[in-house]
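Novice: Right, I'll just put the structure down here and ask away after.
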Amino acid sequence: MYKKIFFIIILISFQAHTQGWTPSGARSLSLSNASIGIEDVWAYHNNPGALAFNKGFHFGYSYENRFLLKELQNQSFASSISVKNGAISLGGQFFGSSLYRNNRVGVGYSLKFANKLAVGVQINYQNLRINQYLNKGTFTGEVGILAKINSKINFGIAVFNLNQATLSSYQDDRFSTFIRSGFTYVISPKVMVLLEAEKELSTPIKPKMALEYQLIDRFFLRIGASANPLSLSFGMGYGLKMGLQIDFGSSYHQTLGWSPHVGILFNPINKNKE
């Protein structure tokens, strides 16, 4: 019990300096969130520009039990539907418990240019509640760009909290602003390498690298690593019939331990490919 309370205090202190954005999506989490160049529905949380390349309707739900503490659960959803030359999206994230709660819901629009470049914008309503001490709501903005360098390489860049929304006037307290950029490289039809750098304005750069391997038809293995702090991750994904995919895995923090995660994706278009 005391160990859990200690962890909660430490994590709340940490979260207080990185408010507003938490990695989401079981596939992304299994890849140490080196996901800036991936074109799935979780691009809603990772790079809204990439959603422009999705066709049809997509929906995803993800649950993470951070450090095996129910007080630090992370739930999120994302959805998108394609329109002419782009996509409209809706999503949300709900992190924490009654002691500490960070909620975010928003809508976005992504526009594609000549099948090589896409830009996405997103506006979120953000609410932070810390027990009886703080209950603050405001709006944050995001922008993301995805460029297809060639048929195998994607480059992405995204900024969260572009407007640097404030929490309070005390010490100019703000939601954190994150900048992420990186590449995906499809080495072969079965192997994809992912490289990314993440920068929160007040912390060191966080480098990440990951690998996704299609072992057999519709079955994927994933592994990733990141630094500052050191964290490892792994996971699996399996495509079911009727356009469903299940993803699960875990990450490991060098000090705080395991964070298992699971998610489901739904894309009706894929049911014709089963």
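Numbering (the working numbering), first residue to last: 1 to 274.
All C-beta atoms in this analysis are idealised placements derived from N, C-alpha and C, irrespective of residue type, glycine included.
Source: prediction; values computed, not measured.
What three-state label does DSSP hand GLU71 in the structure shown?
Specialist: Helix at GLU71.
Novice: Flag this pair as touching only if the region 73-89 and the region 105-125 have three or more C-beta atom pairs under 8 Å; answer yes or no.
Specialist: yes
Novice: Alpha carbon to alpha carbon, how far is LEU51 from SER79? Give it in angstroms, no decimals.
Specialist: Between the alpha carbons of SER79 and LEU51 lies a gap of roughly 10 Å.
Novice: Work out the CA separation of LEU167 and ALA26 for me, nearest whole Å.
Specialist: Taking the straight line from one Cα to the other gives about 29 Å.
Novice: Just curious, the alpha helix (DSSP H) that TYR44 is in, first and last residue?
Specialist: 43-46
Novice: Nearest to LEU201 by alpha carbon, out of ASN103, ASN161, GLN214, MET209?
Specialist: ASN161
Novice: Quick one: Cα of ARG104 to Cα of ARG180, how far?
Specialist: 19 Å
Novice: Can you tell me which of the three DSSP states ALA52 falls into?
Specialist: helix
Novice: If we require 3 or more residues per run, which beta strand (DSSP E) segments fall completely within the region 201-231?
Specialist: 206-216, 219-226
Novice: Output the distance between the C-alpha atoms of GLY60 and ASN163, rounded to the nearest integer angstrom.
Specialist: Rounded to the nearest angstrom, the two C-alpha atoms are 27 Å apart.
Novice: Could you tell me whether the region 87-101 touches the region 36-49, using the rule of 3 or more Cβ pairs below 8 Å?
Specialist: yes
Novice: Roughly how far, in whole angstroms, is the beta-carbon of VAL186 from the beta-carbon of LEU211, given that I think they are within contact range, below 8 Å?
Specialist: The Cβ separation is near 12 Å, so there is no contact.
Novice: Since GLY106 contacts GLN122 with CB under 8 Å, what's their CB separation in whole angstroms?
Specialist: Sure, about 5 Å apart at Cβ, within 8 Å.
Novice: With DSSP as the reference, label ALA118 as helix, strand or coil.
Specialist: strand
Novice: I need the DSSP call for LEU162, collapsed to helix, strand or coil.
Specialist: coil
Novice: Between which two residues does the alpha helix (DSSP H) holding ALA34 run?
Specialist: Annotation for ALA34: no alpha helix (DSSP H) segment contains it, and DSSP assigns it neither H nor E.
Novice: Between the Cα of TYR63 and those of LYS55, GLY56, PHE77, PHE57, spot the shortest distance and give me the residue it belongs to.
Specialist: PHE77
Novice: Measure the C-alpha to C-alpha separation of PRO189 and ARG174 and round it to an integer number of angstroms.
Specialist: Approximately 43 Å, taken between the alpha carbons.
Novice: Run through DSSP, which three-state label would GLU274 get?
Specialist: Here the model assigns GLU274 a pLDDT of 41, short of 50, so the residue's position is not dependable, and the following value carries that caveat. If DSSP states are grouped into helix, strand and coil, GLU274 belongs with coil.
Novice: Rounded to whole angstroms, how far is the Cβ of GLY37 from the Cβ of GLY182, which I believe are closer than 8 Å?
Specialist: 6 Å
Novice: Using CA atoms only, rank isn't needed, just tell me which of TYR238, GLU71, ASN33, GLU39 is closest to GLY49.
Specialist: GLU39
Novice: State buried or exposed for PRO23, treating a residue as buried only when at least 16 other CB atoms are found within 10 Å of its CB.
Specialist: When all chains shown are included, PRO23 counts as buried.
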